[in-house]
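These notes are about the structure you will find just below.
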Amino acid sequence: MSPGRVFLMILTVLQSVGTLGADGPVRRSGVDPITGMSQVVVTGEISLWYTSRIVAAPDSAGQRVKGVVEQTHAVLRQLDDQLRQLNSGDPQVVRLNITVVSEDAGPQVRNVLEDYYPGERRPVVTLTGGQMPESDVLISMDAVGVLGDPPSASKPDLTRLGAACPVGPKVFISGKAAQGNLAVGTRDTLKQIDDNLKHLGLSKADIVQLRGFVMPLDEIDSYYSEIKNYFGDVPVPAVTFTHWISSGYLVEIEAVVKDTSSKSATEIEFITPPGETASPVYCRVCRVPAGPLIYTTGLTGEAKADSAQQVTQIFDQLKPLLAGQGSDLRHMAKATYFCADDTSSVALNALRPTLYDPKRPPAASKAIVPHVGFPGRAITLDMIAVPSR
Numbered sequence: 007m008s009p010g011r012v013f014l015m016i017l018t019v020l021q022s023v024g025t026l027g028a029d030g031p032v033r034r035s036g037v038d039p040i041t042g043m044s045q046v047v048v049t050g051e052i053s054l055w056y057t058s059r060i061v062a063a064p065d066s067a068g069q070r071v072k073g074v075v076e077q078t079h080a081v082l083r084q085l086d087d088q089l090r091q092l093n094s095g096d097p098q099v100v101r102l103n104i105t106v107v108s109e110d111a112g113p114q115v116r117n118v119l120e121d122y123y124p125g126e127r128r129p130v131v132t133l134t135g136g137q138m139p140e141s142d143v144l145i146s147m148d149a150v151g152v153l154g155d156p157p158s159a160s161k162p163d164l165t166r167l168g169a170a171c172p173v174g175p176k177v178f179i180s181g182k183a184a185q186g187n188l189a190v191g192t193r194d195t196l197k198q199i200d201d202n203l204k205h206l207g208l209s210k211a212d213i214v215q216l217r218g219f220v221m222p223l224d225e226i227d228s229y230y231s232e233i234k235n236y237f238g239d240v241p242v243p244a245v246t247f248t249h250w251i252s253s254g255y256l257v258e259i260e261a262v263v264k265d266t267s268s269k270s271a272t273e274i275e276f277i278t279p280p281g282e283t284a285s286p287v288y289c290r291v292c293r294v295p296a297g298p299l300i301y302t303t304g305l306t307g308e309a310k311a312d313s314a315q316q317v318t319q320i321f322d323q324l325k326p327l328l329a330g331q332g333s334d335l336r337h338m339a340k341a342t343y344f345c346a347d348d349t350s351s352v353a354l355n356a357l358r359p360t361l362y363d364p365k366r367p368p369a370a371s372k373a374i375v376p377h378v379g380f381p382g383r384a385i386t387l388d389m390i391a392v393p394s395r
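Residue numbers for the sequence shown follow our numbering, so the first one is 7 and each next one is one higher.
As structure tokens, then:
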């Protein structure tokens, strides 16, 4: 490990510990050296707003602004508009999930983010790469924002743009997949999610966000159509997707769910529903109690390191980030892994069993993607965790 990275890890712990006593519903810690945004954001007892996929909106003539910088600005403004309609005061963003077409776009996006978000407003950011179904779209995002007061009749109906996640316990359902074309795979995957919900005493009305990892993108309409059909008369929650590369399934879908059941967790629970097999490196369903959630930035390794070394480096960063917020590898709730090559994917599979408690692995999704937005980087990991005490 380089001396610079050791210093960064020590500084991260000091910065994180320094924020533990901070007041307010959102606490932000550290500066990620890759994105320039926060390393960790911790949310307290607040309602959150999960958005659907956002791209730069076309003008009245059907034209979008051109260029990564211009489209990044446009998407961030659209996100702020959503949050302003739901809240009074300045919009607060917890997490940005960003997909870019070009691997060279990452540094341009970073420059925009640093200008757009001053220190006290920096979200955590996960950046990955993938194609878009729209030929003129260069960047897409979805986000987690602060909703503030519970939604009321006086607030606008933005259900087409996102969904509210109220204060209280939550459930993270790992990515699930089914064989068949994109329509059939989506339909059957939603059936698996529905079975999990019923086992937990929940229903489709409790889903806050669905995230798909999808190919081929020229059939993306069938992904959305099957989701709409599944919900029927129930309002469709936030829906987003990322392009992935898969030799098997065409679609994998994960879910964020508000826990309205009578069996709400009082501590983090790692659940294997009936008919499913437990894994030592991810749980099928993770249930978390009401209370703080710890969101990490998308962690990457050093560009000069090989893919396997980068996998080790991201966990070397993750452990002190969690420790700085009173958590650890046994209290991780949801992981997302984006691997830009097979080597990083294989190395991740080999390393996780040596680090994770096999009875307490997080819910997770892992996707092979064309790149992770910055040249030389082979993998990105982000995590949601809860305090261990």
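All residues carry an ideal CB built from backbone N, CA and C; glycine is no exception.
Check: So ALA353 and SER394 are in contact, right, with Cβ under 8 Å, and what is the actual spacing, rounded?; Outcome: With 8 Å as the limit, ALA353 and SER394 do not qualify as a contact, their Cβ atoms being about 27 Å apart.
Check: Can you tell me whether THR246 is buried or exposed, with buried defined as 16 or more other CB within 10 angstroms of its CB?; Outcome: buried
Check: Taking the Cβ atom as the reference point for each residue, do LEU299 and THR132 lie within a distance shorter than 8 Å?; Outcome: no
Check: Alpha carbon to alpha carbon, how far is CYS289 from LYS365? Give it in angstroms, no decimals.; Outcome: 8 Å
Check: Measuring CB to CB, does LEU327 end up less than 8 Å from LEU335?; Outcome: no
Check: Are the C-beta atoms of THR195 and some chain C residue less than 8 Å apart?; Outcome: In summary, chain C is missing from the structure at hand, where a single protein chain is found.
Check: If we ignore side chains and look at the alpha-carbon of each, how far apart do VAL46 and VAL130 end up?; Outcome: 6 Å
Check: Just how far apart, CA to CA, sit VAL71 and ASP142?; Outcome: 9 Å
Check: For ILE179, which residues from the same chain have a beta carbon less than 7 Å from its beta carbon, with the 5 sequence-adjacent residues on both sides left out?; Outcome: ILE199, ASN202, GLU260, ALA261, VAL263, VAL291 and ALA369
Check: Buried or exposed: which applies to THR278, given that a residue is buried once 16 or more other Cβ atoms fall within 10 Å of its Cβ?; Outcome: exposed
Check: Would you report the Cα separation of GLY238 and GLY218, rounded to the nearest angstrom?; Outcome: 19 Å
Check: Who are the near neighbours of ASP388 in its chain, counting only those whose CB is closer than 6 Å to its CB and skipping five residues on each side?; Outcome: THR132, THR302, GLY304 and THR342
Check: Check whether the stretch 186-197 and the stretch 80-92 are in contact - that is, three or more C-beta pairs closer than 8 Å.; Outcome: no
Check: Tell me the DSSP secondary structure of ASP29 in three-state form.; Outcome: For ASP29, the pLDDT reaches just 40, beneath the cut-off of 50, and the residue's location in the model is therefore unreliable, although a value from the coordinates is still provided. If DSSP states are grouped into helix, strand and coil, ASP29 belongs with coil.
Check: Between TYR236 and LYS204, is the Cβ-Cβ spacing less than 8 Å?; Outcome: no
Check: Taking C-beta to C-beta, are VAL240 and ILE145 nearer than 8 Å?; Outcome: no
Check: How about PRO381 and ILE251: do their beta carbons lie closer than 8 Å?; Outcome: no
Check: Grouping DSSP H, G and I as helix and E and B as strand, with all else coil, what is GLU126?; Outcome: helix
Check: For ALA384 and SER268, what's the separation of their Cα atoms in angstroms?; Outcome: 43 Å
Check: As an exercise, report each continuous alpha helix (DSSP H) stretch of at least 4 residues that is fully enclosed by the stretch 330-385, in chain order.; Outcome: 348-361
Check: Specify the secondary structure class of SER231 as computed by DSSP and reduced to three states.; Outcome: helix
Check: If you count every other CB in all the chains shown that lies within 10 Å of the CB of ARG128, and 16 or more means buried, which is it?; Outcome: buried
Check: If we ignore side chains and look at the alpha-carbon of each, how far apart do GLY95 and GLY154 end up?; Outcome: 10 Å
Check: What does the Cβ neighbour count give for GLY207, buried or exposed, with the cut at 16 atoms within 10 Å?; Outcome: exposed
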